[in-house]
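Here is the structure we will look at.
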Ligand code: GLP
């Protein structure tokens, strides 16, 4: 795992956007895995700026989002499809037909899960998957103790996740309790992973993910199995790490070709 600690979330998001931009420049038909949540917003703002001001071209890019709430149509303000539309897609030259978010309103949810996997495979797999981190160590909506080999499936959200995500829903009662999410196994098949996590509320999950044992109790610890996983942190989310100085040392001593330009 490559751990990159930056002084704040802003610097971390700019770095994350640079990593994605570098991929899109070298592979214009890249397949990007995308995430929702508060964390990637600044990164998406920077991608929009790079598109507008530096001509970063998304016209041949394909995207697959990690997850979607069950029961929310694309028109619902809290659906992840709506989030992506508002915060990224409508600001880019991306072909809407190439943007994929699981359909949480599908009559047959299990068929939708299989179909989502098939669509990822038909696109040639994901080149880079962007990930946020739940306070309880979840990635996508893969909650603690779920299988580390899971494929796209329907998950029951944990009480902590309901609580963490309920602010935008008004009341807890209005929040869906189920979601379709890529499985941990699906995520691990992506050619490259880029997880971003900022702020003190994530410090415990970050510690378990990077330095804890590989265990389903922290689904993000599965990143330890991935040969090309980059984790971008700020000082606050890195605060509990025992080997933070080592990660900084490695970062400072990289060869030129190992740096992100
Ligand atoms: C949600 C999403 C995750 C996201 C996480 C963290 O539940 N399903 O993909 O990474 O919560 O959200 P935030 O970035 O708002 O802290």
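Residue numbers (our numbering): 3 to 263. By construction, the Cβ of each residue, glycine as well, lies at the ideal position given by its N, Cα and C atoms.
- In this structure residue 158 is exposed. Its beta-carbon is surrounded by fewer than 16 other beta-carbon atoms within 10 angstroms.
- A residue is listed when its beta-carbon falls short of 6 Å from at least one non-hydrogen atom of ligand 1; in chain order these are 37, 38, 39, 40, 41, 68, 69, 134, 135, 136, 142, 143, 163, 167.
- Burial state of residue 245 is exposed, judged by a 10 Å Cβ sphere holding fewer than 16 other Cβ atoms.
- By the neighbour-count criterion, in which a residue is buried when 16 or more other Cβ atoms sit within 10 angstroms of its Cβ, residue 189 is buried.
- The beta carbons of residue 220 and residue 98 sit no closer together than 8 Å.
- Bridge partners of residue 71 according to DSSP: 181.
- Residue state for residue 65 is assigned as strand, using DSSP reduced to three classes.
- Linking residue 163 to residue 203 through their CA atoms gives a straight-line distance of about 13 Å.
- In the DSSP assignment, residue 156 falls within the unbroken beta strand (DSSP E) covering 155-158.
- The three-state reading of DSSP puts residue 243 in coil, since its state is none of H, G, I, E or B.
- With a beta-carbon spacing of about 5 Å, residue 119 and residue 154 fall inside the 8 Å limit used to define contacts.
- If you keep only unbroken beta strand (DSSP E) runs of at least 3 residues inside the region 109-161, you get 130-133, 155-158.
- Cβ contact annotation for residue 212 (same chain, cutoff 7 Å, sequence separation greater than five): 3, 5, 233, 243, in chain order.
- In this chain, residue 214 is not harboured by any alpha helix (DSSP H), its DSSP state being neither H nor E.
- Out of 249, 82, 176, the CA that lies nearest to the CA of residue 38 is found in 82.
- Cβ contact annotation for residue 240 (same chain, cutoff 6 Å, sequence separation greater than five): 7, 246, in chain order.
- Short of 8 Å from the beta carbon of residue 178, and not among the five residues preceding or following it, lie these beta carbons of its own chain, in chain order: 71, 72, 73, 74, 106, 159.
- With respect to the C-alpha of residue 262, the residue from 18, 12, 11 having the closest C-alpha is 18.
- A Cβ-Cβ separation of about 6 Å places residue 36 in contact with residue 132 under the 8 Å criterion.
- The three-state reading of DSSP puts residue 105 in coil, since its state is none of H, G, I, E or B.
- Setting aside the 5 residues that flank it on each side, residue 90 is surrounded in the same chain by 46, each with a C-beta closer than 6 Å to its C-beta; the list follows chain order.
- When secondary structure is reduced to three states using DSSP, residue 232 falls in the strand class.
- A contact between stretches requires three or more CB pairs, one per stretch, nearer than 8 Å, and the region 54-62 meets this requirement with the region 24-34.
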